[in-house]
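Participant:
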Amino acid sequence: DVKVTQSSRYLVKRTGEKVFLECVQDMDHENMFWYRQDPGLGLRLIYFSYDVKMKEKGDIPEGYSVSREKKERFSLILESASTNQTSMYLCASSLTGSGSSYEQYFGPGTRLTVT
Amino acid sequence: AQTVTQSQPEMSVQEAETVTLSCTYDTSESDYYLFWYKQPPSRQMILVIRQEAYKQQNATENRFSVNFQKAAKSFSLKISDSQLGDAAMYFCAYSFRGATNKLIFGTGTLLAVQP
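Heads up: the sequence lines are chains C and Y, in that order.
For the first sequence, our numbering assigns the number 202 to the initial residue and increments by one for each residue that follows.
For the second sequence, our numbering assigns the number 41 to the initial residue and increments by one for each residue that follows.
#1: How would you list, in chain order, the residues of chain C whose beta-carbon sits under 8 Å from the beta-carbon of Gly146(Y)?
#2: Which residues does DSSP list as the beta-bridge partners of Val153(Y)?
#3: Please state if the CB of Leu277(C) and the CB of Leu242(C) are separated by a distance shorter than 8 Å.
#4: Quick check: is the beta carbon of Leu143(Y) nearer than 8 Å to any beta carbon in chain C?
#5: Would you report the Cα separation of Arg269(C) and Lys204(C), rounded to the nearest angstrom?
#6: Can you tell me where the beta strand (DSSP E) with Asp252(C) in it begins and where it stops?
#7: May I have the straight-line CA-CA distance separating Glu55(Y) from Ala128(Y), to the nearest angstrom?
#8: Please list, in chain order, the chain C residues whose beta carbon lies closer than 7 Å to that of Leu87(Y).
#9: Inspect the CB distances between the stretch 107 to 117 of chain Y and the stretch 57 to 66 of chain Y and report whether three or more fall short of 8 Å.
#10: Have a look at the DSSP bridge pairing and note the partners of Gln144(Y).
#11: Taking the C-alpha atoms as reference points, what is the distance between Met51(Y) and Ile261(C)?
#12: Would you mind reading off the limits of the beta strand (DSSP E) that contains Tyr303(C)?
#13: Measuring only between beta-carbons, confirm whether Leu212(C) sits less than 8 Å from chain Y.
#14: With 16 other CB atoms within 10 Å as the buried threshold, where does Ile144(Y) fall?
#15: Which class does Gln84(Y) belong to by DSSP, given the choice of helix, strand or coil?
#16: Contact criterion: CB-CB distance below 8 Å. Does Leu361(C) meet it with respect to chain Y?
#17: Below 7 Å on C-beta distance, what does Pro309(C) contact in chain Y?
#18: Taking its Cβ as the centre, do 16 or more other Cβ atoms sit within 10 Å of Met228(C), making it buried, or is it exposed?
#19: Here's the rule: buried if 16 or more other CB atoms are within 10 angstroms of the residue's CB, otherwise exposed. What is Thr284(C)?
#20: So, do the stretch 71 to 85 of chain Y and the stretch 93 to 107 of chain Y have three or more beta carbon pairs nearer to each other than 8 Å?
#21: Quick one: grab the DSSP three-state call for Gln226(C).
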């Protein structure tokens, strides 16, 4: 059974703190993604990675960075958390392949509150 | 730029009835994929159904079917014989070949199922 896990379901941090959100998948997927979910805005892509140590910016990368040192793990880093980063963060993974679009598998999400 | 629009923020259906969720998209690509994802309350997002743009036949998965109108750039989801477990946020999403499986999401439709 496919599985994507995220390190925390709920997280409360203070403004200015450095925040790490961890995501692990056990499906040997090449692609991993970080999304932010806000009411009325849907899911917006922050960053994605298509291989170890490879990353690309998504639509809203400002204020975030990522790290992928191992294939199964993709970390999202908030260098200096701000209140406007209060949100639900979703991690996903998928296979890659020429000529096809594979299903993305999602983690349970981390609800981050920055005070 | 590709966009996905869901014009119904909320919908309601009686148990055992049929409901249709709307989605339109904008793209200049000819080869792409469309998805409906379901996010139950406090649970992980899962894929409901997928449509390849080159296939004229509408996709069907049990009680879930789509009406894919390529020329009109419309991709609606029909849920037949609605069940209480169908209550969820539904997201329409788009991906095109060569996009490393990146998804562009709509803003979502919250479906309530009345007993």
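Glycine included, every Cβ here is placed at the ideal spot set by N, Cα and C.
Facilitator: On the basis of the supplied data:
#1: Gly243
#2: Val53(Y)
#3: no
#4: yes
#5: 18 Å
#6: Gly243 to Asp252
#7: 14 Å
#8: Residues of chain C with a Cβ closer than 7 Å to the Cβ of Leu87(Y) are, in chain order, Glu304.
#9: yes
#10: With the sequence shown as reference, residue 144(Y) is identified as Ile, and Gln is not the correct amino acid for it. Paired residue(s): Tyr134(Y).
#11: 29 Å
#12: Tyr303(C) -> no beta strand (DSSP E), and no H or E assigned at all.
#13: no
#14: buried
#15: coil
#16: Because chain C in this structure spans residues 202 to 316, residue 361(C) falls outside the shown range and cannot be described.
#17: Under the 7 Å cutoff, chain Y gives Gln84.
#18: exposed
#19: exposed
#20: With a cut-off of 8 Å, the stretch 93 to 107 of chain Y and the stretch 71 to 85 of chain Y count as touching, because enough Cβ pairs lie within range.
#21: Under the three-state reduction of DSSP output, Gln226(C) falls in the strand class.
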